[in-house]
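Converting from the sequence shown to my numbering requires adding 13 to each position, the first position being numbered 1.
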Amino acid sequence: MFVNVALNIPSDKLFTYEVPADLESTVEIGKRVFVSFGNRKRTGFIVGMITSCDLKNLKPIAEILDAEPLFSANDLVFYQWIANYFMYPLGKVLAEIIPSGSEKKDFFWITPLASETDSHLTPAQEKLLAFLQQYPQGIALNSITKISGMKNVSSAARKLHSERLLKIEKKQNKQLSVHSEKTVTLEESKIAGAKLTDKQKKLIEFIQIRGPISLNDLTEESGISGAVIKRLQDKGLINFTASEKIRTASFDSSIRRSKNAITLNDRQNIAMEEILRHLEKNIFSPILLHGVTGSGKTEIYLKAIEKVLNSGASAIYLVPEIALTPQLISRVAGRFDAWQIAVLHSGIAESVRYDQWRQIKRGRINLVIGTRSALFAPLPNLKLIIVDEEHDASYKQDERLCYNARDLAILKAKMTSSVVITGSATPSVRTYFNAQTKKYRHLELPQRVEDKPMPVIEIVDMKAEQEKTGKVPILSDALITQIDETLKNKEQVLLFLNKRGFDTFLVCADCGYNFRCPNCAVSLKNHAAEGVVKCHYCDYTIKSLPLCPSCKSSRILNYGVGTQKLEKEIEKIFPQARIQRMDSDTTSLKGTQEKILRALELREIDILIGTQMITKGHDFPFITLVGVISADTSLNMPDFRAGEKTFQLITQVAGRGGRGNTPGRVIIQTFNPQHYALKHAQNHDYKAFYEEEIEFRSALQYPPFGRIINLRLSSIKKDELIEEAQRLGKLAKKLSARQGNTAEIIGPAESPLAKIRGRFRWQMLIKGKDINALHQIARELINKHKNGHVKIVADVDPESFM
Ligand code: ADP
Ligand code: ZN
Ligand code: ZN
């Protein structure tokens with residue numbers, strides 16, 4: 014017998030190993046194995062079993078690492094699809110998504126020996142020996158390179174080994190393992206006639222009442238010492254058996270099971286009945302649940318989950334990173350038994366995730382709630398997937414395996430004939446498009462449960478503000494007046510500043526004109542030092558013009574506001590106010606975010622200045638005024654989704670304010686008061702926004718009409734990066750021509766974030782209707798990519814172009 018094994022290496026290849034006869038009965042798809050690879054051993058997953066194989070001299074597998082598989086053959090089909098579509102090797106996909114601790118690997122351990130030699134040593138060997146003197150206990154070979162920066166360490170080490178100047182050993186790293194505990198049981202047959210002390214009697218009675226119990230619990234609960242237990246074991250009156258202990262993440266289970274007191278309203282009932290109808294059919298049914306915040310969507314999710322769990326099937330409930338709050342978890346935990354639920358996200362200890370994962374695979378857990386990676390959970394009897402706030406950017410991972418859990422949820426539902434509900438107040442254009450074209454059922458909840466009024470949104474034209482004084486103020490008169498009034502009423506103010514996008518952008522102070530690329534319709538970035546503006550999709554470059562191309566005004570501003578500048582300005586105008594900033598700079602310390610939110614709740618803060626961080630998940634009942642300092646930062650993102658993201662952002666920030674029956678007020682400052690994303694957000698009119706947005710997408714064949722692969726290139730060597738990017742760009746155009754030019758090659762161009770952590774960055778977009786054609790070009794480029802100093806990553810269906 015033979016198995017195909019996927020290893021965690023950057024190659025699509027699978028490797029075949031022979032199964033020794035004594036392991037034949039235990040090999041299974043989904044188990045990890047320890048196998049020889051090159052001159053050491055590594056961990057891989059069994060992804061195929063074959064009875065005969067023509068290949069000669071195959072190596073045997075050395076060890077099977079799991080007692081039970083970590084995924085099923087059906088799960089594997091899903092994982093294989095992901096590997097293929099997102100262009101990421103299967104072995105790496107599995108290593109990334111399956112919690113199994115650090116990979117079991119051989120590594121080399123080098124220890125210096127106290128001996129001498131007559132042979133001549135090269136300078137490199139001398140240097141290595143000198144370095145090793147600091148590590149008399151030895152050091153890992155890899156670490157030597159990392160710490161000292163020396164090259165070719167292994168050949169030098171081998172030579173020194175043969176001279177007996179050092180010792181090379183193979184070692185293995187520590188593994189995550191099944192956690193077992195000792196369970197104590199009674200040997201009833203021997204107890205009857207046994208002579209016992211009082212303490213021993215007491216202990217036996219305790220076990221008789223309590224039943225088999227873990228050793229830990231026994232000593233803790235009975236208060237009887239370990240010595241007594243030991244005596245009884247020696248007498249053969251009690252036995253120890255090892256049993257698995259499942260590690261769990263603690264979540265607040267103190268909340269009582271809330272009796273399901275809520276009766277759905279009419280609107281909710283209509284939606285619910287439709288969902289139940291689909292659940293009964295047991296076929297793939299994608300549903301968009303489109304409802305404003307507070308319209309009762311979560312209530313519907315919970316009822317649908319309940320239905321599914323009662324029928325013996327299972328469900329996945331996905332939420333955006335920021336929304337996975339203790340409040341939400343306790344709301345869910347209040348409805349279902351704790352043992353049924355697994356909470357999965359990246360912040361949970363790997364050992365806990367490992368245990369939860371295996372419980373899920375065994376079918377012992379039937380509700381998985383978590384962030385994007387929870388979608389990979391191997392539930393055996395899946396019937397329902399919920400993707401809450403489906404438009405949220407955190408469903409997309411932008412590094413390593415660049416996947417989108419919202420899109421994959423649809424695929425997984427299809428593969429398992431499940432119902433999938435994607436819910437949002439501001440659906441992504443892509444999802445709404447599918448609802449419009451009848452691919453998805455479209456259910457709507459247009460009103461808030463308590464008929465809480467929608468916020469009143471006012472748009473302030475910053476061009477007019479500029480006319481008053483000749484300078485663009487940070488705060489408009491309207492906003493200052495409103496802040497003043499709010500503070501007098503002892504209410505709170507939230508000022509929102511977008512930190513994504515460019516720091517500054519060019520805008521005409523007279524007509525609001527903004528420089529956009531004629532090819533790509535995205536904002537151009539100002540490169541003041543070079544005196545040019547540039548497109549970061551296609552590299553279109555023009556001199557920054559002295560006059561506005563639209564109205565010929567000479568008043569072109571390089572505009573931008575930072576949080577610190579904003580904070581200073583407010584301190585100046587409102588010296589009495591208690592001001593707090595909340596952004597990644599002020600909340601990098603663990604717990605500070607909670608502290609700020611707490612202070613806000615206790616009304617120890619009058620004005621909160623915040624970035625994206627505050628737009629979701631939190632409700633602030635005493636905030637009655639929200640100011641958006643510059644909607645243009647978001648509108649001018651170098652991203653074809655800038656309009657979509659701005660509409661969502663405004664709607665989400667606006668939703669933060671208002672309390673009881675007093676609607677919140679929102680003031681939006683902008684140079685583009687007529688922009689459709691702002692106008693329709695002002696009127697709470699998603700449909701009207703969508704109509705305009707979809708026309709723009711269609712005209713330029715952007716998604717959902719076309720698909721895009723973003724090839725990201727990076728290097729610490731700028732010249733080599735540019736050279737390789739341009740070489741691949743030319744090749745891409747050739748490949749596309751060979752296909753009949755169905756794919757458009759945009760760029761290569763420098764990325765807007767041109768350097769991150771010392772690496773220079775470029776990107777190239779491959780765009781077209783046929784994803785297979787795009788895949789083909791991208792694959793070919795990755796295969797033809799030669800320069801080892803340049804890293805290349807394919808992002809399929811990218812969300813970020815920064
Ligand atoms: P959403 O998920 O759309 O934001 P929720 O389901 O969280 O909305 O509902 C908002 C609030 O209204 C919650 O406090 C919820 O308990 C309550 N609620 C939902 N449905 C009803 C209902 N039918 N009757 C009374 N209260 C409800
Ligand atoms: Zn102008
Ligand atoms: Zn362009």
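Note that beta-carbon positions come from the ideal geometry of N, C-alpha and C, so glycine has one too.
Does residue i come out as helix, strand or coil in the three-state DSSP assignment?
i    : result
I143 : Note that residue 143 corresponds to Ala in the displayed sequence, not to Ile. Three-state DSSP puts A143 in a helix.
D401 : strand
D474 : strand
M428 : helix
S38  : coil
M777 : strand
T158 : helix
I22  : coil
E412 : coil
M595 : strand
N571 : strand
D808 : strand
I275 : coil
Q188 : coil
I373 : helix
G604 : coil
S324 : coil
Y98  : helix
A756 : coil
So, under 8 angstroms CB-CB, residue i and residue j are touching, yes? Tell me the CB distance rounded to an integer number of Å.
i    : j    : result
L510 : V574 : 7 angstroms
A19  : G104 : 4 angstroms
I181 : F84  : Wrong, their Cβ atoms sit about 37 angstroms apart, outside the cutoff.
A326 : N394 : 5 angstroms
K44  : L78  : 7 angstroms
F635 : E504 : 6 angstroms
A667 : G677 : 7 angstroms
V60  : L27  : 7 angstroms
E31  : F15  : 6 angstroms
L879 : I378 : The question about residue 879 has no answer, for the chain in this structure spans 14 to 815.
N571 : A542 : With 8 angstroms as the limit, N571 and A542 do not qualify as a contact, their Cβ atoms being about 12 angstroms apart.
T384 : H358 : 4 angstroms
R260 : V365 : 5 angstroms
For residue i, I'd like the list of residues in its chain whose CB is within less than 7 angstroms of its CB, leaving aside the five on either flank, ordered along the chain.
i    : result
I275 : E312
F99  : L414, C415, Y416, V809
A807 : M100, I722, L724, A791, I795
E757 : K780, G781
G525 : K476, F684, N685
S161 : F144
Q695 : I470, I472
K172 : Q138
Classify residue i: buried if its beta carbon has 16 or more other beta carbons within 10 angstroms, exposed otherwise.
i    : result
V253 : With the sequence shown as reference, residue 253 is identified as Phe, and Val is not the correct amino acid for it. So F253 counts as exposed.
S132 : exposed
Q682 : buried
T429 : buried
I496 : buried
A644 : buried
N649 : buried
I382 : buried
P468 : buried
P559 : exposed
A169 : buried
Spell out whether any CB of chain B is found under 8 angstroms from the CB atom of residue i.
i    : result
T276 : This model lacks chain B altogether; it includes just one protein chain.
Ordered along the chain, which non-local residues of its own chain (more than five positions away) have a Cβ less than 8 angstroms from that of residue i?
i    : result
T232 : S238, G239, I242
H798 : E737, L741, I805
R454 : E287, H291, S298, P299, I300, L301, A448
D523 : K476, C561, C564, S566, R568
D552 : G760, P761, A762, E763
L713 : C533, A534, F653
By Cβ distance, which residues of its chain are closer than 6 angstroms to residue i, with the 5 residues on each side in sequence left out?
i    : result
A786 : Q752, T755, A756
K731 : F773
### Query
Whose CB is closer than 6 angstroms to a heavy atom of ligand 4? List the residues in chain order.
Absence of ligand 4 is noted for the structure shown, with ligand 1, ligand 2 and ligand 3 being the only ligands found.
### Query
Of all residues in the structure, which have a C-beta closer than 6 angstroms to any heavy atom of ligand 3, taken in chain order?
Proximity to ligand 3 was defined by a C-beta distance below 6 angstroms to any of its heavy atoms, and the residues meeting it, in sequence along the chain, are C530, N532, C533, C548, Y550, C551, Y553.
#### Entry: Beta carbon shell of ligand 1 at less than 5 angstroms from a heavy atom
Those residues having their beta-carbon less than 5 angstroms away from any non-hydrogen atom of ligand 1 are, in chain order, I275, L277, N278, T306, G307, S308, G309, K310, T311, E312, V462.
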